[in-house]
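See structure below.
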Amino acid sequence: MSGLVGQGVARVDGRAKVTGAARYAADQEVPGVLHGALVMSTIARGEVLEIDRRAALAHPGVVAVHTHADMPRLNLPNFPYNRPFIPMQDTRVHHHGQPVAYVVAQTLEQAQEAAGLVKVRYRAEDPVARMADVLDEAFLPDDFRDKPNEYSRGDAAAALGQAAVRVDRTYSSPMQHHNPIEPHTTTAVWEDDGTLTLYESTQGVVFARNTVQIAFGMSEGSVRVVSPYLGGGFGAKGPTYPHTLLTAAAARLCGRPVKLVLTRAQMYTSNGHRAEYRHHLRLGATRQGALTAVVSTSTAQVTRVDENVYNGGDSTVRLYACPNVHVRQLGVRLDLPTSSYMRSPETTAHFGLETAMDELSYELGIDPVELRIRNHTEVDQQPDPPVPYADKRLLECYRAAAEAFGWARRSPRPGTTRDGDEYVGWGMATETHTHTVIPSRARLTIGPDGRATLRAATQEIGTGTYTVLTQIVCEGLGMPLDQVTTLLGDTAYPDASLSAGSSTMPSVAAPAADAAAKARKAVIALAVADPRSPLHGVPAEEVVARDGRLSAGGDRVDTYRAVMTRHGRSVEVTGDKRNSTPGHSFGAVFLEVRIQPRLGRLRVTRVVTAHDLGRVLNHRTARGQVIGGVMWGLGFALMEHTMVDPATARVVNPNLSTYLVPVCADAPSVEALFVDRPEPDAELAGIRGFGETPGTGVPAAIGNAIYHAIGRRLRDVPFTQDKLL
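With the working numbering applied, the sequence shown corresponds to residues 67 to 791, in that order.
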């Protein structure tokens, strides 16, 4: 169906999700399954001296209580395993909430009750839980996965000293947690031949399979990971975590399948978080607004056993034209769990950059949009030598969003716009995020009934992957939507991209299109070679596929179904073409806040965005990504804050009643615009990863709008009522 790609097609998996037919990892029915429950450490630093399992083992239904004493020794995988250690391999405790025992029972309730009966005696050491207490111990960590923690070009210190105008500020954000609706879960099933199947809530079935194979020393192909649907991940389910390995080990020890579902509280110590972050940023500029120097020093929490900094400063290095830049990313060791990627991990640094740009605009008396335009660059400045962006349309984003928002009507003076008893503020920020490309393949089968099935070991994490891939295949085959089925989330299918780093579509779209083109060509070849076909003898290049019909002018028409029925067996092809390259997506966000001064009540009431993501594959799902990103940014700016007891290093708000996230009542009006450049002749070239771009600028835009509304500059999120009053 020509032109299907780009249309706002409704989700093909929508009915399954709303009717309950969609099976998530914990929904898989496994005969004879036992249930697991974790016993978590109640200290943050020290050693396990003794574990008394007797009461738990005597509890009805309990099958086993495993500890470091009997847990099999596992190999420590490298990336994508997100811990520098595997729990229950020794007696050392690295953080509060670390697994120290694993209970297996006939029912979930029995396992949970028995877990409460396990008694653990510790040798405790005093933990360090507050970054502010040890900032003088900050250090420059080693490079993280080939990403340097220090970058420089030009002479930033000298340029800053000579700058006509300077902004010198510090910005901060607290520890934050992902909180997907679906908790992390693993069901492990060992077969008699030694192979293992995991029903896993993961953003990367292939990565999870590889990690588990390494941990258990298993051969390639001996582990299968199944995850057809995911109830949210946001980075939390990208790496593989200890609970997966421990559940697989417990199932092997018990000789029966074991299912574990983490509690909401356990998710706060078991699967990563956004690290606490402080950002000292200094900008130098000319009186005309041209940036001459950027000096950025950020500090993020790390642990005593690793020093990975996940909060990158990519936009500080690349977004604006500046000849002199120095960026350092420091770490401070705390007795807390290892942090990880959290949706749009660069947002922490980007919040500081976009707030500082707003502060610079007021210092210079230049409109915030105009200041960004004056510092726009068409060149990626980080490579040496710099490389021009192939196709960057950020300036179009500024213009489109500003016009739709009505930015020209904005009064530049803070505190001068009121509506009744509310102050009204307008703010904006640039949005940007990297995207990567992971080698991927897709297998397409056209059965004897003429229906097509695409299989790929990527995932549907709620973003519309099933739908968009189905659109691509339908358009490539010339087949109606209801004649194509897409199957994802199973390592029995060809290896495909992790759904993280905004990589899914740039990685998988081209292989899906390639498979469709190959399959269409193969079926046409069958038709023109078949004396029974109306297309017999027609040159293959003259045959057009549309709506499931194959035609060559006039009344010479066949159908996929008729061709395949006569053929009597399936046609199967594999697509593996790569058209996209890693890069960046860009955009702009404009928003309005209203503040009731007596109560300090703040509402975000209107948002307009414009984004450049290359070709838009589905306008409906892309808009959904924008709405999700806006809400994520709203939570970052106004609510989310993981609190830790400084004496015990224990998370004190590990639930959704005290860790606040936005709800529907907080949702503003959102208008999403796209600089859409379809390239129908380029076989989906130019696709960019997009999912993490919306939201990157929202926190700064909210802070900038607050300043415009009441003249108070807030530099520390969340922007709670006490900071507004």
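Each residue gets a CB set at the ideal place from its N, CA and C atoms; glycine is no exception.
Roughly how many angstroms separate the alpha carbons of residue i and residue j, rounded to a whole number?
i	j	result
R235	T552	50 Å
R275	T714	35 Å
N148	H250	14 Å
G701	H243	11 Å
G634	E607	24 Å
R322	L100	7 Å
S427	I753	33 Å
T557	N390	47 Å
A222	L347	12 Å
G182	Q172	16 Å
D212	D450	15 Å
N245	H309	17 Å
F569	I768	Looking at the sequence shown, residue 569 is not Phe but Ser. Straight-line Cα distance between these residues: approximately 28 Å.
D380	Q395	11 Å
V361	Q228	13 Å
V200	N719	23 Å
R627	V589	10 Å
V327	D156	24 Å
L791	F417	22 Å
P746	G567	At P746, the pLDDT of 48 sits below 50, so the modelled position is not reliable; the number obtained from the coordinates is stated separately. Approximately 26 Å between the Cα atoms of the pair.
G694	H345	26 Å
V673	G755	22 Å
A766	R660	16 Å
Q332	R716	12 Å
Q279	P153	17 Å
Y237	T133	43 Å
M630	A593	9 Å
R330	L510	39 Å
From which residue to which residue does the beta strand (DSSP E) around residue i run?
i	result
K185	185-190
E266	262-266
V291	289-292
H346	343-351
T519	518-522
Y237	231-239
S599	Counting along the chain, S599 falls outside any beta strand (DSSP E), and DSSP gives it neither H nor E.
T335	Not the beta strand (DSSP E): T335 falls in the alpha helix (DSSP H), residues 333-336.
T714	No beta strand (DSSP E) contains T714, which DSSP labels as neither H nor E.
Please work out which residues of its chain come closer than 6 Å, Cβ to Cβ, to residue i, disregarding the five sequence neighbours upstream and downstream, and give them in chain order.
i	result
T261	S288
G163	M106, T335
G448	In the sequence as presented, Gly is not what sits at residue 448; that position holds Gln. These residues qualify, in order along the chain: V383, R384.
L726	M705
G763	E420, A495, T496, E497, V655
Looking at the secondary structure, which residues open and close the alpha helix (DSSP H) in which residue i lies?
i	result
F471	460-471
R275	271-282
V383	380-384
V629	626-633
T557	Segment: none, T557 is in no alpha helix (DSSP H) and carries neither H nor E.
A314	308-320
V534	531-543
Going by DSSP, name the residue or residues bridged to residue i.
i	result
W698	Bridge partners of W698: none, in fact.
G102	V170
F656	M494, V674
N684	G72
P399	Per the sequence shown, the amino acid found at residue 399 is Arg instead of Pro. Answer is V368.
A508	G641
H392	S218, V361
S646	S646 pairs with nothing; no bridge assigned.
H501	G649
Output needed for residue i: all residues of its chain with C-beta closer than 7 Å, excluding positions within five of it in sequence on either side, in chain order.
i	result
E444	P454, Y455, K458
Y386	L357, N441, T443
L400	V194, A195, M197, Q367, T369
D372	P150, T404
S470	Checking the sequence, you will find Ala at residue 470 rather than Ser. Excluding sequence neighbours, A470 sits near V674, E737, L739.
L780	G769, I772, K789
For residue i, collect the residues of the same chain with a Cβ closer than 8 Å to its Cβ; drop the 5 residues on either side in sequence, then sort them by chain order.
i	result
V550	R517, A518, T519, L520, T536, V539, C540, L543
L461	I439, H442
S723	none
Say whether chain B places a C-beta atom closer than 8 Å to the C-beta of residue i.
i	result
G127	Given the protein chain composition of this structure (a single chain), no chain B is represented.
Is residue i close to the ligand GDP? I mean its beta-carbon at under 7 Å from any heavy atom of the ligand.
i	result
T533	As presented, the structure is devoid of all ligands, the ligand GDP included, so that no description of it is given.
| message | Suppose only complete runs of 3+ residues qualify. What are the beta strand (DSSP E) ranges in the segment 85-132, listed by chain order? | response | 100-106, 112-118, 128-132
| request: Run through the segment 401-482 for me and flag every whole alpha helix (DSSP H) of 4 or more residues, listed as ranges in chain order. | output: 413-430, 434-440, 460-471
| task | Identify every run of the beta strand (DSSP E) within the segment 559-595, keeping only runs that are complete inside it and at least 3 residues long; order them along the chain. | result | none
| message | Going residue by residue through the segment 720-788, where are the continuous beta strand (DSSP E) segments of at least 3 residues, counting only ones entirely within it? | response | 735-740
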